[in-house]
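Worksheet for the structure shown next.
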């Protein structure tokens, strides 16, 4: 009796699940198709945001970027596609400062792994959605990403002192505790 | 009776008589018969090829739409010339000679498959006055003719001298023999209701109400069983395990190339059309327009549509449902396939036959 009941129940539950499946597919049938007819819709093509087209150094409208030439992206690149060439400048106060000279990116050996973008401490680089990379010579694949004449974006002055105050206070509290034994040992 | 009032806007009977009288005027009786046979044969083969091309295009489009794609859209407007281009390619391809196969059977197999499918195709009543083979055991002949195809498939698998082909052919054999029972029983159910085996008579008797509606519950069950078993008969998904591309490369037609492969391909699509055509004839009123008793205006509008359009539209709907099955359900395993037939469909169709007999005996149909 139990077997008969199971036979009948399984028959109708199976039928129900088949109808559920057919319901899903018919909804897909009438959905807008995802295919992009690329060469024809080149003007209107919208790539999705997460697409990794090519690496770009973000410049604002004053031709300034965030790159401090620390070289972390270069160290993280598994294929050595990035070369950060920096130069040392001396400002009016006599302070030496490292600034970006050339940001060289070889798209021909890029893995699009995004390790450079992830590791950048200043969010200076990103991948844009440009994907038409075909060129006739390999040398054209090596590009300089910083625009000519671009400079490091200088943070507005008034903002700078504010974070300094709490930072200066907190070490003061900790320092006596931390430094006291060291000082004693040194003496 | 609508039988007498329904006059088709395209009258094939008049065309047939005109050809007959015109030919009789210029040649002797045997010449007339011969010419007419050749003409009918040409029309059949032409229709066969055109329908196959259309079906291949439709299948690719429907498949694409179920997968959220666009499908063929490069050759001609909306890709409509795609299957013609494919046919030209198929025709000019080389027939590769394969060593160590049974040459005679290997070359014979595709012809057996295609002949059985053309024979079955010839039985279908396409429109008012447009049926080639029409006699008192038409549905019986249709079943017998369409079953010959399995011999071709078995021969193809056996003569290919290839394990995959052999497995595919054996699966196909087991499947066809099993599902033939369900198809036969569901057709028998409808024959009980119609009281005739002549296809044109079956259509005529549905001039007021289609059998699917007049036979209500047992007819509906028979229709569903027929759809499932028909899908299995045509070796289409989810019952496509004789071909099972991922396991058997292509099953029984792995070794075939060029037009021999083309014959299998054509026959596969035409069998789909034939299965849908039989479903239309038995359940959906063949080429009869949809009539609702009492709605005179509606019936008049329905009568205005030519019968060939009715037939093709109904076949199209059934074909769409079978394609919908294919692109929804995953492929069955061979034991699941046989379980479905022998443990579920066969008892159900036997019970259904009994139910239909009771319904007809007690006069409970419309």
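Protein chains in written order, with the working numbering: chain A, 87 to 273; chain B, 5 to 370.
Every residue, glycine too, gets a C-beta built ideally from N, C-alpha and C.
- Listed in chain order, the non-local C-beta contacts of residue 71 of chain B below 8 Å within the same chain comprise 331, local neighbours out to five positions each way being set aside.
- Residue 65 of chain B sits buried, since 16 or more C-beta atoms from the chains shown fall within 10 Å of its C-beta.
- Residues of the region 205 to 227 of chain B with a Cβ closer than 8 Å to any Cβ of chain A: none.
- In this model, residue 83 of chain B and residue 76 of chain B are separated by some 5 Å (Cα to Cα).
- Proximity of chain A to residue 348 of chain B at the Cβ level (cut-off 7 Å) is accounted for by 97, in chain order.
- In the DSSP assignment, residue 54 of chain B falls within the alpha helix (DSSP H) that extends over 33 to 70.
- Residue 71 of chain B belongs to the set of residues whose beta carbon lies under 9 Å from a beta carbon in chain A.
- Annotation: residue 303 of chain B to residue 296 of chain B spans about 7 Å, alpha carbon to alpha carbon.
- Per DSSP, the continuous alpha helix (DSSP H) segment holding residue 235 of chain B begins and ends at 220 to 237.
- A straight line joining the alpha-carbon of residue 288 of chain B with that of residue 139 of chain B spans about 20 Å.
- Cβ atoms of residue 167 of chain A and residue 195 of chain A come within 8 Å of each other, at about 5 Å.
- Between residue 231 of chain B and residue 154 of chain B, the C-beta gap is not smaller than 9 Å, which leaves the two residues out of contact.
- Boundaries cannot be given for residue 98 of chain B, as no beta strand (DSSP E) includes it and DSSP labels it neither H nor E.
- For residue 53 of chain B, the closest of B/315, B/307, B/270 and B/342 by C-alpha to C-alpha distance is B/270.
- At a cut-off of 9 Å between C-beta atoms, residue 19 of chain B does not count as an interface residue with respect to chain A.
- For residue 207 of chain B, the enclosing alpha helix (DSSP H) stretches over residues 203 to 208.
- A residue is called buried when at least 16 other Cβ atoms come within 10 angstroms of its Cβ; residue 132 of chain B meets this threshold and is buried.
- Short of 7 Å from the beta carbon of residue 175 of chain B, and not among the five residues preceding or following it, lie these beta carbons of its own chain, in chain order: 245, 246 and 338.
- In its chain, beyond the 5 residues on either side, 143, 144, 151, 152 and 153 have a beta carbon closer than 7 Å to the beta carbon of residue 210 of chain A.
- Pairing residue 159 of chain B with residue 116 of chain B gives a Cβ-Cβ distance under 9 Å.
- Around the CB of residue 222 of chain B, 16 or more other CB atoms lie within 10 Å, so the residue is classed as buried.
- When Cβ-Cβ separations below 9 Å define contact, residue 119 of chain A makes contact with chain B.
- Residue contact check for residue 108 of chain A against chain B: a CB pair falls below 9 Å.
- Contact holds between the region 179 to 188 of chain B and the region 234 to 245 of chain B, because three or more Cβ pairs, one in each stretch, are under 8 Å apart.
- Secondary-structure assignment with DSSP links residue 211 of chain A through a beta bridge to A/143.
- Rounded to whole angstroms, the separation of the alpha carbons of residue 129 of chain B and residue 276 of chain B is 16 Å.
- Interface residue (Cβ-Cβ distance to chain B less than 9 Å): residue 132 of chain A is not classified as such.
- Taking a cut-off of 8 Å on C-beta distances, the region 97 to 109 of chain B touches the region 254 to 263 of chain B, as three or more cross pairs fall below it.
- Residues are counted here when their Cβ sits less than 7 Å from a Cβ of chain A; for the region 313 to 339 of chain B these are 328, 331, 332 and 333, given in chain order.
- Bounds of the alpha helix (DSSP H) holding residue 318 of chain B are 311 to 330.
- The alpha-carbon of residue 228 of chain A is positioned some 17 Å away from that of residue 164 of chain A.
- Your pair residue 186 of chain A and residue 232 of chain A checks out as a contact, with CB atoms roughly 6 Å apart and the cut at 8 Å.
- For the set B/286, B/29 and B/69, the Cα lying nearest the Cα of residue 318 of chain B is the one of B/286.
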